[in-house]
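Here's the structure, in structure tokens; my notes come after.
Residue numbers (my numbering): 10 to 179.
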């Protein structure tokens, strides 16, 4: 409720409260899980441009958590940023993409699926036309390249053969 009524004035409190909410995603009580997800989504919807960098650290730490529900919630919140603050998230992709790649083959199917969906959403915010054209191949290499070496080789060949004329974003 506070985040919705205060809006962007709540930003300074997001950093201290988000890690607690992420841990509550894995609480044994279903009502605590639901309330924490609702509160976290409300926080993300009101996030300001400078707030993106503030929430990035707790979300990336949440992805490394031992509890699958905390991982899942962190991934979903990161993915939600692609629609509300795409430019700001795009600047943080060098930290976000490797973190998502660590859970792309997670033991828990829901975590694995969420990571793939998040990477697909991230591919949609790429602004460089050259990278946008090969984004599906890049994502395929990131998600399946470890299992199939030829996929990684093919995408690296495409990158080497690409002439970059436009600005390349992060």
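Every residue, glycine too, gets a C-beta built ideally from N, C-alpha and C.
Residues of its chain near residue i, where Cβ-Cβ distance is below 6 Å and the 5 sequence neighbours each way are ignored
i: residue 101; result: 65
i: residue 121; result: 115
i: residue 162; result: none
i: residue 15; result: In this prediction, residue 15 has a pLDDT of 48, which is less than 50 and means its spatial position is unreliable; what the coordinates show is noted afterwards. Result list for residue 15: empty, nothing under 6 Å.
Supposed close pair residue i, residue j - CB separation, criterion 8 Å
i: residue 31; j: residue 71; result: 4 Å
i: residue 91; j: residue 143; result: The Cβ separation is near 19 Å, so there is no contact.
i: residue 128; j: residue 148; result: 5 Å
i: residue 139; j: residue 111; result: With 8 Å as the limit, residue 139 and residue 111 do not qualify as a contact, their Cβ atoms being about 27 Å apart.
Residue i - containing alpha helix (DSSP H), residue span
i: residue 105; result: 102-111
i: residue 63; result: 60-72
i: residue 134; result: Element bounds for residue 134: n/a, residue is neither H nor E.
i: residue 82; result: 77-93
i: residue 43; result: 39-54
i: residue 163; result: 158-169
Buried or exposed (CB count within 10 angstroms, at least 16 for buried), residue i
i: residue 46; result: buried
i: residue 39; result: exposed
i: residue 43; result: exposed
i: residue 125; result: buried
i: residue 88; result: buried
i: residue 35; result: buried
i: residue 152; result: buried
i: residue 107; result: exposed
i: residue 84; result: buried
i: residue 80; result: buried
i: residue 29; result: exposed
i: residue 109; result: buried
i: residue 177; result: exposed
i: residue 105; result: buried
i: residue 164; result: buried
i: residue 169; result: exposed
C-beta neighbour in chain D for residue i, strict 9 Å
i: residue 171; result: Of the protein chains in this structure there is only one, and it is not chain D.
Contacting residues, own chain, Cβ-Cβ under 7 Å from residue i (five flanking each side not counted)
i: residue 54; result: 93
i: residue 167; result: 143, 146
i: residue 130; result: 88, 91
i: residue 173; result: 139
i: residue 150; result: 160, 161, 164
i: residue 117; result: 77
Beta-carbon contacts of residue i that lie in its chain and below 8 Å, excluding the five residues immediately before and after
i: residue 119; result: 77, 81
i: residue 58; result: 94, 97
i: residue 68; result: 27, 31, 83, 86, 87
i: residue 41; result: 33
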